[in-house]
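Counting along the sequence shown from 1, when you hit position 125 you're at 180 in the working numbering, and nothing is skipped either side. From the three backbone atoms N, C-alpha and C, an ideal C-beta is built for every residue, glycine too. Only a predicted model underlies this, so the values are computations on that prediction, with no experimental measurement involved. The structure under discussion appears below in the form of structure tokens.
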Amino acid sequence: MTEPEAKRPSKIPGANPKGSALPGVLIRPVKPADIIGVIAIDTEATGIEKTDYWHELFGHYGSKRQQRFFLVAEVGGVIYGFIIGEVRDWEFGAPSCGWIFGMGVSSTKRLHGIGSALLGALFECFNRAGVEKVRTIAGRNNSLMLSFFRSQGMMAAPVIPLECDLP
Ligand SMILES: CC(C)(COP(=O)(O)OP(=O)(O)OC[C@H]1O[C@@H](n2cnc3c(N)ncnc32)[C@H](O)[C@@H]1OP(=O)(O)O)[C@@H](O)C(=O)NCCC(=O)NCCS
């Protein structure tokens with residue numbers, strides 16, 4: 056995969072990813088040495104350190120693949136954000152769709168456009184993969200993620216997630 060350009064406008068209808076206002080932000084595919092930084096950002100956001108989970112995820116999404124993308128935002132050699140996405144074909148009968156599975160920006164560098172730049176770069180990967188629709192799931196009480204995704208042109212989808220407790 057070539058390195059994505061953070062500021063190119065997306066061709067995905069309705070999408071409105073903004074570029075980063077912070078100078079020196081490099082959005083690039085994750086490398087093994089970045090995982091420590093990714094774990095730190097996720098631990099800060101969720102309060103749970105999941106070292107094994109992240110190493111497993113790196114194995115699944117970290118190498119060069121056509122449909123799976125794991126990008127990081129680097130400023131001056133330090134990792135300040137990450138995003139993970141995947142193209143899924145004909146899931147539940149739907150045509151190819153880009154799914155955003157997770158993202159995070161260090162609290163020390165939020166509101167500088169890094170999240171927007173990461174999302175814009177992921178949209179570019181999705182564009183190259185030929186999809187025209189992007190979906191994600193956010194907690195209904197997670198107003199921060201909902202505000203962020205809305206600011207990028209994403210709106211409520213015509214699908215409902217369902218769940219149950221297994222006996
Ligand atoms: C959501 C998140 C990724 C945004 O990253 P960021 O780099 O701060 O985002 P940006 O600077 O690109 O913000 C883009 C837009 O999002 C919206 N936004 C971002 N932070 C916001 C906040 N605290 N309140 C309201 N809107 C906000 C704004 O519209 C903003 O545009 P503006 O600055 O022009 O107003 C970051 O706050 C984060 O990682 N939060 C924790 C994520 C989390 O909970 N992860 C665990 C579950 S997945």
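task: Flag I94 as yes when its Cβ comes closer than 8 Å to any non-hydrogen atom of ligand 1, and as no otherwise.
output: The sequence position of residue 94 within the sequence shown is 39, counting from 1. No.
message: Suppose you measure from the CA of F147 to the CA of V214; what does that come to, to the nearest Å?
response: As a working note, residue 147 is residue 92 in the sequence shown. As a working note, residue 214 is residue 159 in the sequence shown. Computed Cα separation, rounded: 11 Å.
message: Please identify the residue among Q122, S161, L221 whose C-alpha is closest to the C-alpha of G185.
response: Taking the first residue of the sequence shown as 1, we reach residue 185 at position 130. Measuring from the Cα of G185, the nearest candidate turns out to be Q122.
- prompt: How big is the Cα-Cα spacing for S171 and M158?
  reply: Numbered from 1 along the sequence shown, position 116 holds the residue referred to as residue 171. Numbered from 1 along the sequence shown, position 103 holds the residue referred to as residue 158. Going from the Cα of S171 to the Cα of M158 covers about 11 Å.
message: With a threshold of 6 Å on Cβ separation, who are the neighbours of S161 within its own chain once the five nearest residues in sequence on each side are excluded?
response: Here residue 161 refers to the residue found at position 106 when the sequence shown is read from its first residue. Non-local beta-carbon contacts of S161 in its own chain, meaning distances under 6 Å to residues more than five positions away in sequence, involve I96, Y135 in chain order.
task: Note down, in chain order, each residue of its chain lying with its Cβ closer than 7 Å to the Cβ of E177, except the 5 sequence neighbours on either side.
output: Within the sequence shown, the letter at position 122 stands for residue 177. Contrary to the premise, residue 177 reads as Leu rather than Glu in this sequence. Contacts found: F124, L126, I138, G140, I155.
- prompt: When the Cα atoms are used, what is the spatial distance from K164 to I82?
  reply: Start at 1 with the first residue of the sequence shown, and residue 164 comes out as number 109. Start at 1 with the first residue of the sequence shown, and residue 82 comes out as number 27. For K164 and I82, the distance between alpha carbons rounds to 14 Å.
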